[in-house]
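In my numbering, the protein residues as written are 190 to 704. Every residue gets a Cβ at the ideal spot worked out from N, C-alpha and C, and that includes glycine. Just so it is clear, the structure is predicted and the values come from calculations on it, not from any experiment. In what follows, a single structure is set out as structure tokens and then discussed.
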């Protein structure tokens, strides 16, 4: 029987390299499988039962992967926590998901202690990976004395990710636990990989993003189920990513457009130093990718760059490299079995070419926001869901993203889409990153504000602002040009690539109000 899941690979081909940690430790599928089984037995011994939740406050590393694989073979929900959160924010998630166990890394000790205390978790429910955390048991205690054989009564578990935390409290995306054995559910999940032309039983996957985010988690654990070697990065760095691709013969990876920009900003001699010929599937999403940036990446890496659009809640589109070259700027057409529609504010379907709110069928099964029925109802309409993004479809079904509804700038009665402006600004040779949003204006309602992160070694100045504005004027209509340009040493982005634009908008709204 051909192996179709991590657990089957661990049994059928135990010597196959399974995981390479950020510090260079290599574990075979067999070695990793044994540790996974021990943790599964330990969790059972703590009284955790099917349908219960565990929370992970961990960096990319062995503990995250093995805890996830253990939990998802005994029917648990796994909630990874963004380690950029404050103790109060992390505590809310631990409490809200009703976590029975919290596993945390010592580097996040203050956050972990606060969360455990507020959630009322005791020492036998909290485990510290790495150095000690006050009030936590050592993580290795979970493995000590446990059998390395598979547990009895195995059943599939899943992630419960929290989303929407940039405004208000984050919401857990809760789905019914999958029915069936873990192997069968893992095999079903591999269908997405086939859409990206990823082949099972071969290759190396590089995880470049944080595992608390849905895409890096899904693609990394999915790669293990496909029988691929998983290489983890702890902290992303452009040249380090190139070095890992060459040294490990990486065939597949998941990225975000910000990484593309950083890679393209490397000196030419650095870019050409590394052999990237092993790459076959560089998959990206999470944010709009400027057309010119993607053209440059395709020219450098060749036709290996795949793009998709989706949400934690479900649904999705896909475009392969040659398709994108024929339809530049698109995020693809609907996955098989998925419907995509553009609706106006009254729920009427709009014709091709007209911008409205993007709705999709979920595809991954129904969901609800944990303990928030009002929020659940707000994103559903006639069996479809929305992430709040605006876009349009062509007559052939190609989807183009305009922006998020919450980011739309209304200036003098005109709709201005910040993503379009950002896509131009980041192509300026002295711009490393850009954020565009609306600020209050007494005459026009809103004016266009840009905050620029210059490339290393370049200082922001009035002269540079005028140079950037003149550059933008060559590509954008006059009413879209930034009225104000400020500079920042670093824009607030998560490692997932998501720009925390709400933080900037709130800061500038308060500034304009004070003025």
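Distance between residue j and residue i (C-alpha atoms, nearest Å)
i	j	result
residue 312	residue 600	55 Å
residue 429	residue 654	32 Å
residue 619	residue 680	15 Å
residue 308	residue 347	22 Å
residue 459	residue 370	47 Å
residue 524	residue 499	10 Å
residue 201	residue 418	15 Å
residue 521	residue 508	4 Å
residue 581	residue 604	14 Å
residue 330	residue 228	10 Å
residue 294	residue 247	5 Å
residue 615	residue 477	12 Å
residue 310	residue 245	14 Å
residue 305	residue 656	51 Å
residue 236	residue 314	10 Å
residue 336	residue 225	10 Å
residue 632	residue 672	13 Å
residue 372	residue 221	16 Å
residue 191	residue 682	41 Å
Whether residue i touches residue j by CB criterion (7 Å)
i	j	result
residue 271	residue 401	yes
residue 470	residue 385	yes
residue 405	residue 437	no
residue 367	residue 333	no
residue 519	residue 606	no
residue 624	residue 688	yes
residue 253	residue 416	no
residue 501	residue 362	yes
residue 551	residue 586	no
residue 482	residue 449	yes
residue 421	residue 210	yes
residue 558	residue 388	no
residue 598	residue 538	no
residue 215	residue 206	yes
residue 628	residue 661	no
residue 292	residue 256	yes
One or two residues paired with residue i in a DSSP bridge
i	result
residue 580	545 and 590
residue 327	317
residue 727	An answer regarding residue 727 cannot be provided, because it is not within the stretch 190 to 704 covered by the chain.
residue 557	363
residue 290	243
residue 569	574
residue 473	444 and 496
residue 605	598
residue 620	643
residue 269	245
residue 228	DSSP output for residue 228 lists no bridge partner at all.
Burial state of residue i, where buried means 16 or more other Cβ atoms lie within 10 Å
i	result
residue 707	This structure cannot settle anything about residue 707, because the visible part of the chain is limited to 190 through 704.
residue 403	buried
residue 648	exposed
residue 560	exposed
residue 268	buried
residue 358	exposed
residue 317	buried
residue 194	buried
Closer than 7 Å to chain B by CB, residue i
i	result
residue 466	As a matter of chain content, chain B is missing from the structure shown, which is built from one protein chain.
Practice problem: Let me know the beta strand (DSSP E) ranges lying completely inside the segment 623 to 693, each 3 residues or longer, listed in chain order. | Solution: Entirely contained in the segment 623 to 693, the beta strand (DSSP E) runs reaching 3 residues are, in chain order, 634 to 643 and 673 to 676.
Practice problem: Quick one: which unbroken alpha helix (DSSP H) runs of 4-plus residues sit fully inside the segment 491 to 550? Chain order, please. | Solution: As far as the segment 491 to 550 is concerned, its whole alpha helix (DSSP H) runs of at least 4 residues are 510 to 515.
Quiz item: At what residue ranges does the segment 241 to 266 contain a whole run of the alpha helix (DSSP H), taking only runs of 4 or more?
Solution: If only complete runs of 4 or more residues are kept, the segment 241 to 266 shows the alpha helix (DSSP H) at 251 to 260, in order along the chain.
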